[in-house]
Amino acid sequence: METRITGDIDGNGCVDDADLLRVLFVFGQTGFRPEDVNGDGIVDDADLLMVLFNFGSGC
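Here our numbering = 1-based position in the sequence shown + 801.
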């Protein structure tokens with residue numbers, strides 16, 4: 802069973818620039834979407850920080 806890395810939004814096994822850009826492009830939007838990393842219903846600074854803290858993981 803594969804473990805997903807927090808912040809790996811596109812599921813390629815690596816938290817990279819593609820994941821970061823996805824968060825930035827939908828920043829401020831509400832609703833449960835893949836870019837809402839912490840699942841609180843809004844893509845915000847908390848989600849951005851989760852991607853940044855894990856940036857490079859799995860790469």
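Idealized CB from N, CA, C, for every residue including glycine. Model, not experiment: these values are computed from the prediction.
Residue pairing from DSSP leaves T804 without any beta-bridge partner.
By the beta-carbon neighbour count (other beta carbons within 10 angstroms, threshold 16), D820 is buried. Here the alpha carbon of G842 sits roughly 18 Å from the alpha carbon of D809.
With 16 or more neighbouring CB atoms inside 10 Å of its own CB, D837 falls in the buried class. Within the same chain, Cβ atoms closer than 7 Å to the Cβ of N855 are found at I806, T807, G808 and V816, the five residues on either side in sequence being excluded.
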